[in-house]
Structure formats: structure tokens, C-alpha cells
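> First the structure, then my questions, so here it is.
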Amino acid sequence: NAGVTQTPKFQVLKTGQSMTLQCAQDMNHEYMSWYRQDPGMGLRLIHYSVGAGITDQGEVPNGYNVSRSTTEDFPLRLLSAAPSQTSVYFCASSPRQGGGGGELFFGEGSRLTVL
Amino acid sequence: EDQVTQSPEALRLQEGESSSLNCSYTVSGLRGLFWYRQDPGKGPEFLFTLYSAGEEKEKERLKATLTKKESFLHITAPKPEDSATYLCAVQALGTKIIFGSGTRLSIRP
Chain R
1 NAGVTQTPKF QVLKTGQSMT LQCAQDMNHE YMSWYRQDPG MGLRLIHYSV
51 GAGITDQGEV PNGYNVSRST TEDFPLRLLS AAPSQTSVYF CASSPRQGGG
101 GGELFFGEGS RLTVL
Chain G
116 EDQVTQSPEA LRLQEGESSS LNCSYTVSGL RGLFWYRQDP GKGPEFLFTL
166 YSAGEEKEKE RLKATLTKKE SFLHITAPKP EDSATYLCAV QALGTKIIFG
216 SGTRLSIRP
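Residue numbers (our numbering), protein chains in the order written: chain R, 1 to 115; chain G, 116 to 224.
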């Protein structure tokens, strides 16, 4: 059972480039979310989804797009990368409808550097 | 605005020296408060959920407690393998789960 799988693990981009961080889970979880983690700031919620076809904004959504066409996948798109988006990105899923219960299962993270 | 504040930012203890980590929160209707452990280079790992004031949960050397304004993570007789960053998170009305900035715990042998 793979759990939550994130790819790539490391990526270096130039300012203005676009890319997609992939997230897949094999636990049939309805709730999925993306966080970024920066030193001294903890985890900040970017976007989340309570089921296929439904997404919503978190605390820091600007510069990021998401879609949820299947239960398993929740990709995060950076349309025009900026140095301020240098961070470690975590995808997380929950077995609870609407994310209730807080038991999030996290991936290993994707470390992104924007030059 | 929902907010979660953790203190201290960092804590160094001697093996066997018990202590507590604090998580204070302001939310509009608490649905749950959660504790996670994060090791370097890894994703956070779920520890506990607390739903109402007065509730307590235990796991090995860790005990989490909850009041109306804060939660404590008590660590009894810690071992070096307890060294990690401990994160607190809250879920208010709705589905967003908001995290604090964490406490880096270091246990010296």
C-alpha cells in the first residue's frame, strides 16, 4: 500500500517557468489538500478538495491552480513560478468526509527551488 | 481569523527530563485539535485528535490535553528517539485544517 505519493521529490525552476507537482493516493480518500512549509512558518494550506470535481482555496492560494478529476489524483500547478514559491510542498489526504477528524496522511514532500 | 500559536519554538531536554509543549488557538467553533510529529525530510505523522475541553489522549510517553483556549503535549521521561518537530493543527467550522509553526524538540542522551 503506497499511501500518498508525490512527484517529483526535487525540482529547480527558473522564474516564469510553469510546472505541475503530482499527488496520488491509493486509499480511496475523499479529502485531499496541498500545503507549503517554510522555515518558521509551519504548514500553510494552499488548496483543498472534498471530492472529485470539488476544490476550494486555502490560506495562500495565489499563484497556484488545482483540479480534481479523479478521487486518486490532485495535481498542483504553478503557472508562472516566482522565487517566493521556493518551498517544500506536501500533499495530504484524509479518510474522513470533508476532512473531519484531522487525521491527514502526508506524502514525503516535493522540494521546489525557483531561481 | 483562525490562528494557532505554538511555544516554545525550540526545546532541548536531557533524556528523562519531562516537559510540556503548548499550543494556543483562536478559532470560530472548534471541530478538532490535532497533534503531529515530523522528522527531518519527512511528511508529518498523525499522533492525536482532541475534540472537546477536558479530553486527554495518550500514546507511549506522550499525553495530549485540551482546554477551551489551548492544548498541551506532555512528554514524560523522553528518549533521544522522541526528538522531532511537533506540530499542532486545528479544524474550525468548515473543512480547512490550519497548522501552527511547530516546536523543535531535541533530547540529549
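By construction, the Cβ of each residue, glycine as well, lies at the ideal position given by its N, Cα and C atoms.
This structure is a prediction, so every number in the text was calculated from the model and none was measured.
With a CB to CB cut of under 6 Å and the five nearest residues on each side skipped, what residues in its chain are close to R146/G?
Taking the first residue of the second sequence as 1, we reach residue 146/G at position 31. Closer than 6 Å at Cβ, skipping near neighbours: Q206.
> Under a CB-based cut-off of 8 Å, is S186/G close to chain R?
The sequence position of residue 186/G within the second sequence is 71, counting from 1. Taking Cβ atoms only, chain R never reaches closer than 8 Å to S186/G, which makes this a no.
> Thinking L240/G and L188/G are a contact (beta carbons under 8 Å), I'd like their distance in whole angstroms, please.
Limits of chain G in this structure are 116 at one end and 224 at the other, which puts residue 240/G out of reach.
> I believe S49/R touches R68/R by the beta-carbon criterion, under 8 Å. Please report the beta-carbon distance rounded to the nearest angstrom.
Sequence index remark: in the first sequence, residue 49/R carries index 49 (1-based). Sequence index remark: in the first sequence, residue 68/R carries index 68 (1-based). Correct: roughly 4 Å between the Cβ atoms.
> Would you kindly check if the distance between the Cβ of E72/R and the Cβ of A24/R is under 8 Å?
In the first sequence, residue 24/R corresponds to position 24, counting from 1. In the first sequence, residue 72/R corresponds to position 72, counting from 1. Contact flag set, yes.
> I'd like the list of long-range same chain contacts for P224/G, defined as Cβ closer than 7 Å, with 5 residues on each side in sequence excluded.
Start at 1 with the first residue of the second sequence, and residue 224/G comes out as number 109. Result list for P224/G: E130 and P195, in chain order.
> Could you pull out every residue in the same chain whose Cβ sits closer than 7 Å to the Cβ of A199/G, ignoring the five residues on either side in sequence?
Within the second sequence, numbered from 1, the residue matching residue 199/G stands at position 84. Result list for A199/G: R152, Q153, D154 and L220, in chain order.
> Which chain G residues are close to M27/R, counting only those with a beta carbon under 8 Å from its beta carbon?
Taking the first sequence and counting its residues from 1, the one referred to as residue 27/R is at position 27. Going along chain G, no residue has its Cβ under 8 Å from M27/R, so there is no contact; the nearest lies around 13 Å.
> Quick one: does P108/R have its CB under 8 Å from some CB of chain G?
Taking the first sequence and counting its residues from 1, the one referred to as residue 108/R is at position 108. Per the sequence presented here, residue 108/R reads as Glu, with Pro not at that position. Yes, contact with chain G.
> Classify T164/G: buried if its beta carbon has 16 or more other beta carbons within 10 angstroms, exposed otherwise.
As a position in the second sequence, residue 164/G is number 49, starting the count at 1. By the 10 Å Cβ count, T164/G comes out buried.
> Is A204/G buried or exposed, if buried means 16 or more other CB atoms sit within 10 Å of its CB?
Reading the second sequence from its first residue, position 89 is the one you call residue 204/G. By the neighbour-count rule (16 or more Cβ atoms within 10 Å), A204/G is buried.
> For a test of the three-state rule: what should DSSP assign to S143/G, helix, strand or coil?
The residue given as residue 143/G occupies position 28 in the second sequence. S143/G falls in the coil class under three-state DSSP.
> Going by beta-carbon coordinates alone, are A82/R and G63/R separated by less than 8 Å?
On the first sequence, residue 82/R is found 82 positions in, with the first residue counted as 1. On the first sequence, residue 63/R is found 63 positions in, with the first residue counted as 1. Yes, the pair counts as a contact, with Cβ atoms nearer than the cut-off.
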